[in-house]
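S.K.: Numbering (UniProt numbering), first residue to last: 1 to 244. Backbone N, C-alpha and C fix where the C-beta goes; we use that ideal spot for every residue, glycine too. From a predicted model like this one, the values you see are computed outputs, not experimental measurements.
1) Residue 158 and residue 121: beta carbons closer than 8 Å?
2) In the DSSP assignment, what residue or residues form a beta bridge with residue 109?
3) Would you mind working out which of 206, 208, 179, 171 sits nearest residue 235, comparing C-alpha positions?
4) What runs of the beta strand (DSSP E), each 3 residues or longer, lie entirely inside the stretch 198-225?
5) Sorry if obvious, but does the Cβ on residue 225 come closer than 7 Å to a heavy atom of the ligand FMN?
6) Pop quiz: residue 60 and residue 22 are said to be a contact at Cβ under 8 Å. What is the actual Cβ separation, rounded to whole angstroms?
7) Can you give me the Cβ contacts of residue 117 inside the same chain, cut-off strictly under 7 Å, excluding the 5 residues immediately before and after it?
8) Shortest alpha-carbon distance to residue 102 belongs to which of 8, 241, 237, 212?
9) Which parts of the stretch 35-83 are runs of the alpha helix (DSSP H), unbroken and 4 residues or longer, counting only runs that do not cross its ends?
10) How far does the beta strand (DSSP E) with residue 187 in it reach, from first residue to last?
11) DSSP beta-bridge partners for residue 194?
12) Identify whether residue 23 lies in helix, strand or coil by the three-state DSSP scheme.
13) Measuring alpha carbon to alpha carbon, tell me which residue in 91, 176, 27 is nearest residue 125.
14) Can you round the beta-carbon distance between residue 64 and residue 229 to whole angstroms, since I take them to be within the 8 Å contact cut?
15) Compare the beta carbon distance of residue 94 and residue 12 with 8 Å and say whether it is the shorter of the two.
16) Tell me residue 229's beta-bridge partners as DSSP assigns them.
17) Under 8 Å by Cβ, that's how I've got residue 42 and residue 77 pegged, so tell me the actual separation to the nearest angstrom.
18) With three or more beta-carbon pairs closer than 8 Å as the criterion, would you say the stretch 23-32 touches the stretch 183-191?
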């Protein structure tokens, strides 16, 4: 709810938690999706369901890609496989959130959060709010201004037709994201007899297994989704159909 308010004022807002904590945030996340407010949300996954444990997990996949709250919404969802990739994605996560007016979800397993790796940090730049580029932002209204310019942010539409139009707009946004924002990595696909799919740190383990199998004369390839929503279905299909 705090990032709802901050994003509504035009700020770049981020929140983070781990699995059950993110579950508790689902109402607010659904509100942000419904109100088309850009924000970044980090979920460092741990074991579940329920309180589970604090071991690394990828058990929140379905919650992330299907929309954890009510209303059949989607979040642009990235699954980094390294600390460096997490940094690289974060550098444009807010830009994507603001471009599509959608919350962006970082889906990282606990290993990413606890490991140490060398990284190259990009050059930092100052960021300033430009109200002209954020038409949704409620930056204040003074007496004498045109009342039509007052910003109202909500996710409630009592009239059925109005809600239907709103959902049509959301679905159009999701189609645009699906068409333009799929990201994936291909590994050892040429001549592969088998192709596996894995995301996050599990994909790194899969690469090690592929190397071992290759030494045994078994050629296996990997398609690693970097965006798990939208999922790169076409890339997986293409890899599966190639001669091997």
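M.R.: Result, derived from the coordinates:
1) no
2) 45
3) 179
4) Considered as a whole, the stretch 198-225 harbours 220-225 as its complete beta strand (DSSP E) runs of no fewer than 3 residues, in chain order.
5) As far as ligands go, the structure on display features none, and thus does not contain the ligand FMN.
6) 7 Å
7) 82, 83, 84
8) 8
9) For the stretch 35-83, whole alpha helix (DSSP H) runs of length 4 or above, ordered along the chain, are 61-66.
10) Counted as a single uninterrupted DSSP element, the beta strand (DSSP E) harbouring residue 187 occupies residues 184-187.
11) 220
12) Secondary structure of residue 23 (DSSP, three-state): helix.
13) For the residues 91, 176, 27, the minimum Cα distance to residue 125 belongs to 91.
14) 7 Å
15) Contact flag set, yes.
16) Residue 229 is bridged to 77.
17) At roughly 11 Å, the Cβ-Cβ gap does not stay under 8 Å, so residue 42 and residue 77 are not in contact.
18) no
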